[in-house]
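I have placed the structure first, in the form of structure tokens, so that the comments after it can refer back to it.
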Amino acid sequence: MRDEKNHISTYRSLVTVLVILLALTTISVLITGIHLGPVTVAVALLIASVKVAIVITQFMHLKFENLFLKLAVSGVFTLFVLVIVITFIDYFFR
Amino acid sequence: MTVHPTHTEHIDSETGKLGMWIFLFTELFLFGGLFLVYAIFRAKYSPEFHHAAEELNAFIGTINTVFLLVSSMTVAGALTAMQKGDRRMTLLLLTVTIMLAGLFMVNKYFEWSHKFEYGIFPGSPVLKNMPHGELLFFGLYYMMTGLHALHVLVGMVLLSINVVKVKAGTVNSERFLMLENSALYWHLVDLIWIFLFPLLYLIT
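Protein sequence lines correspond, in order, to chains A and B.
Each step along the first sequence adds one to the number in my numbering, with nothing skipped, and position 87 is 87.
Each step along the second sequence adds one to the number in my numbering, with nothing skipped, and position 195 is 289.
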């Protein structure tokens with residue numbers, strides 16, 4: 001059977017999360033409209049990362065899962081970032 | 095309630111959910127590999143990527159982003175409704191999610207057929223005569239959005255199976271692991287799009 005303290009997201013919190021995600025999308029679209037070169041890329045990727053973090057913690061409910069799953073997800077994302085960083089180091093300094 | 099020792103059913107939803115997450119990790123690296131290839135070629139062929147990306151319709155991309163974000167909320171809402179035992183609301187929200195996924199695919203159809211009209215499709219003569227960087231951009235564009243669209247279709251099938259199971263009562267307020275895992279899968283489809291959208295459509 002399921003845990004008694006199992007958390008159920010409220011409709012209200014889900015709508016709030018959606019509004020935040022849509023606001024971030026709008027900001028992303030507006031900012032990339034102004035061509036600022038590399039800054040644009042950085043800002044767009046930063047906003048995308050924030051959105052992904054919100055979806056994972058809220059919609060995918062990770063905020064209310066056990067510590068093991070939290071560590072596993074953080075670990076996998078850290079590994080993913082490391083793969084990207086190390087590949088780019090290799091690419092730029094070879 | 096009497097418990098029949100020979101007939102006890104063991105449901106371990108924590109493990110079932112962990113298994114789903116591990117599968118999602120492999121999905122992350124599947125798309126992650128493509129993101130990496132895209133990033134390296136983008137650094138190598140900056141002007142060509144810039145020129146080719148301007149061909150993409152940022153408006154369609156934005157609309158599709160909104161569809162996926164809203165559908166992510168509705169599928170999370172469907173899970174909330176199921177946990178509260180509200181079957182009617184669950185079915186309504188699942189149907190809305192599937193419809194939004196359908197709208198995403200309709201948009202994708204128009205987006206791609208518009209490109210096909212200009213002769214931009216994998217293996218086309220127009221594409222072969224393009225500079226190498228632009229060829230790479232469109233190759234990656236079709237590969238990444240195509241693989242993502244395939245995931246949208248799989249998600250639609252999964253969610254439809256959930257509709258049937260909720261109607262049949264095999265997914266209910268006591269047993270909803272399948273709905274929970276399908277929702278996780280659908281959120282992953284949304285997550286991948288969150289990165290694809292700025293990379294392909296916005297940053298030109």
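C-beta: ideal position from N, C-alpha, C; glycine also.
The alpha-carbon of A:Val85 is positioned some 18 Å away from that of A:Ala44. Pairwise C-beta distances place the stretch 195 to 213 of chain B in contact with the stretch 156 to 167 of chain B, as three or more of them are shorter than 8 Å.
Put simply, the stretch 205 to 213 of chain B does not touch the stretch 176 to 191 of chain B. Fewer than three CB pairs are less than 8 Å apart.
Counting only residues of its own chain and dropping the five nearest sequence neighbours on each side, B:His245 has a CB closer than 6 Å to the CB of Val283.
In this structure, the beta-carbon distance from B:Met272 to B:Ile192 does not fall below 7 Å. Our two residues, B:Leu122 and B:Lys111, have alpha carbons roughly 16 Å apart in a direct line.
By the Cβ rule, the stretch 49 to 60 of chain A counts as touching the stretch 283 to 294 of chain B, because three or more pairs are nearer than 8 Å. Burial of B:Arg136 is indicated by the presence of at least 16 other C-beta atoms within 10 angstroms of its C-beta.
For B:Met167, the chain A residues whose C-beta falls within less than 9 Å of its own C-beta are Leu14, Val15, Val17, Leu18, Leu21, Phe59, listed in chain order. The beta-carbon separation of B:Phe231 and B:Phe143, rounded to 5 Å, stays under the 8 Å limit for a contact. Rounded to the nearest angstrom, the gap between the Cα atoms of B:Pro141 and B:Tyr295 is 15 Å. In the three-state reduction of the DSSP assignment, A:Pro38 falls in the helix class, which pools H, G and I.
Of the other Cβ atoms in all chains shown, 16 or more fall within 10 Å of the Cβ of B:Ile297; this residue is therefore buried.
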